[in-house]
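S.K.: Next up is a structure, given as structure tokens.
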Amino acid sequence: MRRPSFPFARSVAPMRRPRRVAALALAMSLGLGQGAVLGAGPAAAQQEYYYYPAITSDEVFARDIAPNAPQASRAVRVSFITELTKAQLAAPESPRFVVFAKGAQAEHMIIVALDDQVFRTIYRARALLAQLTSNARATPFFQKNGLAVHATWFDMAKLLGFDDIVISDGDTWAHRIVLRAGT
25 MRRPSFPFAR
35 SVAPMRRPRR
45 VAALALAMSL
55 GLGQGAVLGA
65 GPAAAQQEYY
75 YYPAITSDEV
85 FARDIAPNAP
95 QASRAVRVSF
105 ITELTKAQLA
115 APESPRFVVF
125 AKGAQAEHMI
135 IVALDDQVFR
145 TIYRARALLA
155 QLTSNARATP
165 FFQKNGLAVH
175 ATWFDMAKLL
185 GFDDIVISDG
195 DTWAHRIVLR
205 AGT
């Protein structure tokens, strides 16, 4: 059966999970929220099944490339995403993926494909993350602080105060990178 391609085609909780729907309704009526029922953190509970399908894989990125950097605010994260979006929309071709921030403090970065080819595999998604790394290394902050050789997109996301990154083809898979302090 082919899924509809229009926005909001998926419900927050798929119908094939009636127990989850009932438990979610009970938890919401008790004021517990989705995370209490779905067994996931706030990011997954609020965005999973709305912006992307269920998380199919995950990893942890734990490194502190600039431990003394000032803590970024919600406004900084929102501004970063806004500038990235402006740059995408200013390009002569249409964007093939979208990057946005969600959460009360805009602490969850989400990257979703806008067509069926760009993230057809996790390897293509990783290639995009590598390209974004190149862009991050060219920023004045990384250049000025001598981080351009070693920094990655994940480092930039951590410095901006993101807790995690979810990247998805928007249809069949979603991969979460949890950003933690280094050990």
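So the sequence shown is numbered by the numbering used here: it starts at 25 and just counts up by one. A virtual CB, placed ideally from N, CA and C, is assigned to each residue, including glycine. All values derive from a computational prediction rather than experimental measurement.
Look at the alpha carbon of Ala99 and the alpha carbon of Ala125, and state the distance between them as a whole number of angstroms.
M.R.: Here residue 99 refers to the residue found at position 75 when the sequence shown is read from its first residue. Here residue 125 refers to the residue found at position 101 when the sequence shown is read from its first residue. Going from the Cα of Ala99 to the Cα of Ala125 covers about 11 Å.
S.K.: In the region 128 to 186, which residue ranges form an unbroken alpha helix (DSSP H) of at least 4 residues, counting only runs that do not cross its ends?
M.R.: Those alpha helix (DSSP H) runs which fall completely within the region 128 to 186 and span 4+ residues are 146 to 161, 164 to 168 and 177 to 183.
S.K.: Using the Cβ count rule (16 or more neighbours within 10 Å means buried), how would you classify Arg214?
M.R.: In this structure the chain extends from 25 to 207, so residue 214 is not present and cannot be described.
S.K.: Apart from the five residues just before and just after Ala96, which ones in its own chain have a Cβ nearer than 6 Å to its Cβ?
M.R.: Your numbering for residue 96 matches position 72 in the sequence shown. Leu184 and Gly185, listed in sequence order.
S.K.: Using only the alpha-carbon positions, how far apart do Ser81 and Phe165 sit?
M.R.: Within the sequence shown, numbered from 1, the residue matching residue 81 stands at position 57. Within the sequence shown, numbered from 1, the residue matching residue 165 stands at position 141. If I take the Cα positions, the gap works out to 31 Å.
S.K.: Taking the alpha-carbon of Asn169 as reference, which of Glu83, Thr196, Pro77 and Asn92 has the nearest alpha-carbon?
M.R.: What you label residue 169 is simply residue 145 of the sequence shown in a count that begins at 1. Taking only the C-alpha atoms, the option nearest Asn169 is Asn92.
S.K.: Tell me whether the region 128 to 145 and the region 191 to 204 touch, counting them as touching only if at least three CB pairs, one residue from each stretch, are closer than 8 Å.
M.R.: Short answer: they touch.
S.K.: Rounded to whole angstroms, what is the Cα-Cα separation between Asp193 and Pro119?
M.R.: Translated into the one-based positions of the sequence shown, residue 193 becomes position 169. Translated into the one-based positions of the sequence shown, residue 119 becomes position 95. Asp193 and Pro119: Cα-Cα distance of roughly 14 Å.
S.K.: Can you tell me which of Ile79, His199, Phe104 and Ala151 puts its alpha carbon nearest to the alpha carbon of Ala181?
M.R.: In the sequence shown, residue 181 corresponds to position 157, counting from 1. Closest by alpha carbon: Phe104.
S.K.: Apart from the five residues just before and just after Val142, which ones in its own chain have a Cβ nearer than 6 Å to its Cβ?
M.R.: Looking up residue 142 in the sequence shown gives position 118. Only Arg120 and Phe121 meet the Cβ criterion.
S.K.: In three-state terms, what does DSSP make of Ile189?
M.R.: Within the sequence shown, the letter at position 165 stands for residue 189. Note: Ile189 maps to strand in three-state DSSP.
S.K.: Are the beta-carbon atoms belonging to Ala175 and Ala151 less than 8 Å from one another?
M.R.: Locating residue 175 in the sequence shown gives position 151, where the first residue counts as 1. Locating residue 151 in the sequence shown gives position 127, where the first residue counts as 1. Cβ atoms of Ala175 and Ala151: not closer than 8 Å.
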